[in-house]
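Written below as C-alpha cells is the structure these notes are about.
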Amino acid sequence: MAEMTPFALLGLPARFAIESEEIEEGWRRAIAMVHPDRFASRPAAERRVAEQWAGRINEAKEAIENPISRAVTLLKLRGVDVGTETDTKMDMQFLMQQMQWREAAESLVSAQAKQALLEEICSARADEVRLLTDVLDGNGDLAQARQAVRRLMFIEKIYRDIDREQ
387 MAEMTPFALL GLPARFAIES EEIEEGWRRA IAMVHPDRFA SRPAAERRVA
437 EQWAGRINEA KEAIENPISR AVTLLKLRGV DVGTETDTKM DMQFLMQQMQ
487 WREAAESLVS AQAKQALLEE ICSARADEVR LLTDVLDGNG DLAQARQAVR
537 RLMFIEKIYR DIDREQ
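Residues 387 to 552, numbered by the numbering used here, are exactly what the sequence shown covers, in order.
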C-alpha cells in the first residue's frame, strides 16, 4: 500500500479548520469503496486488502476527528515532532494557569462554581484552537503551533479531570 496522509485517504484538504460533517462525508465515501459487501465474491487476498484499507480509513478518520490529533498530524506532515514524550518544558505563565485551575477545582463549593471553571477552561481551549487554525492554515510559525498543541493537551486533561469529579 502506498503511503497516503489521513487527509488524502478521506479526500480532504490537509488543513486544521475542517467541519465534522466534512470528515464524516469523506469517511463514508472512502469506506464505501472498500466495504466488505463489495468484496464478498472476490478472492480472499482481495478481501484482505480491502480490510486493510478499511482499517487505514478508520485510522485516518480518528487521526483528524480530534483537534489535537489533527494538529499533531498536520505538524508531522510538515516535519515537526510535537515531542510529548521527550520535551517537558512548558511556558511558566501556562504552568501557573494550570496550577490556578487545579487549586480552583480543589476548592469548588457548588455545581455552579464547577460549571464556571469548566467554561473558563473551555474558553482557553477555544483560544488554542483559534491559534492553531490561524497558524496551521495560514502557514504561520510551526513552533508556535507545536506549543499550542502541547497546551491544548494539558487543557483537555485538566477539563476531563475536573469534569469527572463530583
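The beta carbon of each residue, even a glycine, is placed where N, CA and C say it ideally should be.
For residue i, is the classification buried or exposed, using 16 other Cβ atoms within 10 angstroms of its Cβ as the cut-off for buried?
i: G412; result: buried
i: P453; result: buried
i: E514; result: buried
i: P392; result: buried
i: Q486; result: exposed
i: K447; result: buried
i: V535; result: buried
i: M387; result: Interpretation of M387 is limited by its pLDDT of 47, a score under 50 that renders its predicted location unreliable; no figure is taken from the coordinates.
i: Q498; result: exposed
i: R546; result: exposed
i: A458; result: According to the sequence shown, residue 458 is Val rather than Ala. It counts as buried.
Have a look at the options and flag the residue whose alpha-carbon is nearest the alpha-carbon of residue i.
i: F540; options: C508, D527, D467 and L522; result: C508
i: L517; options: S493, R546 and A531; result: A531
i: L395; options: W439, S406, A430 and R424; result: W439
i: K500; options: I548, Q483, E471 and M476; result: I548
i: H421; options: V521, N444, S493 and I404; result: N444
i: E451; options: R401, Q479 and V466; result: R401
i: M419; options: A431, E405, V435 and A430; result: V435
i: E389; options: E405, R424, R442 and D423; result: R442
i: E437; options: I417, T519 and S455; result: I417
i: G469; options: Q533, A403, A510 and E542; result: Q533
i: S493; options: E551, S455, A431 and P429; result: E551
i: I404; options: A449, S427 and S496; result: A449
i: R556; options: E506, T472, E471 and K475; result: Only positions 387 to 552 of the chain appear in the structure, and residue 556 is not among them; the question remains open.
Does DSSP put residue i in a helix, in a strand, or in coil?
i: S406; result: helix
i: S496; result: coil
i: M539; result: helix
i: D423; result: helix
i: A431; result: helix
i: M390; result: coil
i: E551; result: coil
i: A400; result: coil
Cβ of residue i within 8 Å of Cβ of residue j?
i: A491; j: L481; result: no
i: L398; j: L460; result: no
i: L538; j: R464; result: no
i: Q484; j: I544; result: yes
i: R433; j: F425; result: yes
**OP:** Note down, one range per segment and in chain order, each alpha helix (DSSP H) of at least 4 residues found wholly within the segment 442-529.
**Re:** 453-463, 478-492 and 497-523
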